[in-house]
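One structure is given below, encoded as structure tokens.
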Amino acid sequence: MSTQAQKEQPTKRPIIFSGMQPTSGAGGLTIGNYIGALKNWVELQNDYDCIYFIADLHALTIRPEPAALRKQTLDVAAMYIASGIDPDKSVIFAQSHVPAHAQCAWLLNCFASMGECQKMTQFKEKSEKHSASVGLFTYPVLQAADILLYQTNLVPVGADQKQHLELSRNLAERFNHYYSDTFTVPEVFIPKVGARVMSLQDPTKKMSKSDENPKATIFLTDSADEIRNKIKRAVTDSGTDIRAAEDRPAVTNLIELYGIATGYTQAETEAQFESKGYAEFKSALADAMVAMVEPISKRYQEIRNDKAALNAILKKGAEEANRRATRTLRKAYKKMGMVELENV
Ligand code: AMP
Ligand code: TRP
């Protein structure tokens, strides 16, 4: 098909949209980000029309250092590609390169209620740590704008994003009800396994790139030695058997990680290590984690070092994203009563 024909023929595959913030923690993305999000994004590429972005405007809500934000935006773009997101199959772009996101967020800000934003758990948690900006308060509204601009059908994210997605759906439905059909109402897509990878030091907490304890988190750029060390030091539960249970959250998390890296089910893993101790299990887990992470970190270094290629990918992505987002924004403006210049 020629490029022209491709442009004119809207794709029929359902639209997938997702993204991550580039900041918090200098270590970059974690295996939690990979397992809970990136890995699934890669798998969806063949069957869906996928758009993956870097949420650099969202990152401003906690006022990061400018040089760090600039660097980490490119780090995340490179990590998307290293994880297997193919710029020839999916659109990859940075949020700030598409002005429609901030514009649509304004429209939706005038639609969202204070109460809706106030009850967001992430806002409550983050505003305890940082003095809250208005941006932090309306963070989920910008997120709704991101999603709705692309007429998204499905949003693959980790479990922690469920509440934000509920707000996106409510805003879309409310807008459509008030002004007639404008936005597709998106569905959230949460992976069955790995939606919540827990900290290696405190299994009641989510593994996070901003954890103060570096031993709690495996980064996708960690060396094999670092990965082995972190797994060796991971906390376990009382008792010695390799068995998952509600009151054994540490071992349950490790078994889940082993399953993700090797493909074994929980029962298979338990059977495999039935009469074996933590040391043996941890050593097998470390091997499996290294095998999962090493190819990603190798590709990452190559991609991150080729600035021209990375820049070209982001430029191409921004062009395509702008084309799609502007179409929806115009539609929303018109419905809300903004004057179109050609009709003055
Ligand atoms: P964040 O690192 O919080 O900006 O999250 C980026 C994406 O990765 C979101 O889709 C999260 O739900 C997902 N994610 C982050 N940490 C984890 C984790 N520990 N387990 C599963 N998914 C995660
Ligand atoms: N809030 C998301 C996170 O912290 C990032 C994000 C912003 C996002 N806009 C989005 C995710 C739109 C999916 C769709 O992970």
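Taking our numbering, the leading residue of the sequence shown gets 65, the next gets one more, and so forth. Note that CB positions come from ideal geometry on N, CA and C, so glycine has one too.
Leaving out five residues on either side along the sequence, give the residues of the same chain with a beta carbon under 6 Å from the beta carbon of residue i.
i, result
"Met356", "Ala325"
"Gly381", "Val155, Ile156 and Phe157"
"Tyr112", "Arg77, Pro78 and Ile80"
"Ile115", "Phe81, Val155 and Tyr214"
Helix, strand or coil for residue i per DSSP?
i, result
"Asp245", "coil"
"Pro220", "strand"
"Asp113", "strand"
"Met178", "helix"
"Glu251", "strand"
"Gly341", "coil"
"Lys270", "strand"
"Thr329", "coil"
"Ser191", "helix"
"Ile156", "strand"
"Thr304", "coil"
"Ile295", "helix"
"Ile80", "strand"
Give every residue of the same chain whose Cβ lies closer than 7 Å to the Cβ of residue i, excluding the five residues on either side of it in the sequence, and list them in chain order.
i, result
"Ala123", "Gln85, Pro86, Thr87 and Leu133"
"Ala69", "Confidence in Ala69 is poor, its pLDDT being 46 and thus under 50, which makes the residue's placement too unreliable to answer from."
"Leu374", "Leu138, Ala141, Ala142 and Ile367"
Beta carbon of residue i: closer than 7 Å to some heavy atom of the ligand TRP?
i, result
"Met84", "yes"
"His194", "no"
"Val221", "yes"
"His161", "no"
"Asp210", "yes"
"Ala376", "no"
"Ala259", "no"
Would you check if the distance between the CB atom of residue i and the CB atom of residue j is smaller than 8 Å?
i, j, result
"Val261", "Gly100", "yes"
"Thr281", "Ser361", "no"
"Phe117", "Ile211", "no"
"Gly222", "Met143", "no"
"His228", "Met184", "yes"
"Thr390", "Ala176", "no"
Any heavy atom of the ligand AMP closer than 7 Å to the beta-carbon of residue i?
i, result
"Gly35", "Absent from the model: residue 35. The displayed extent of the chain is 65 to 408, so no value can be given."
"Gln225", "yes"
"Ile99", "yes"
### Query
Would the region 243-250 and the region 268-283 be scored as touching if the rule is three or more Cβ pairs under 8 Å?
Pairwise C-beta distances place the region 243-250 out of contact with the region 268-283, as fewer than three of them are shorter than 8 Å.
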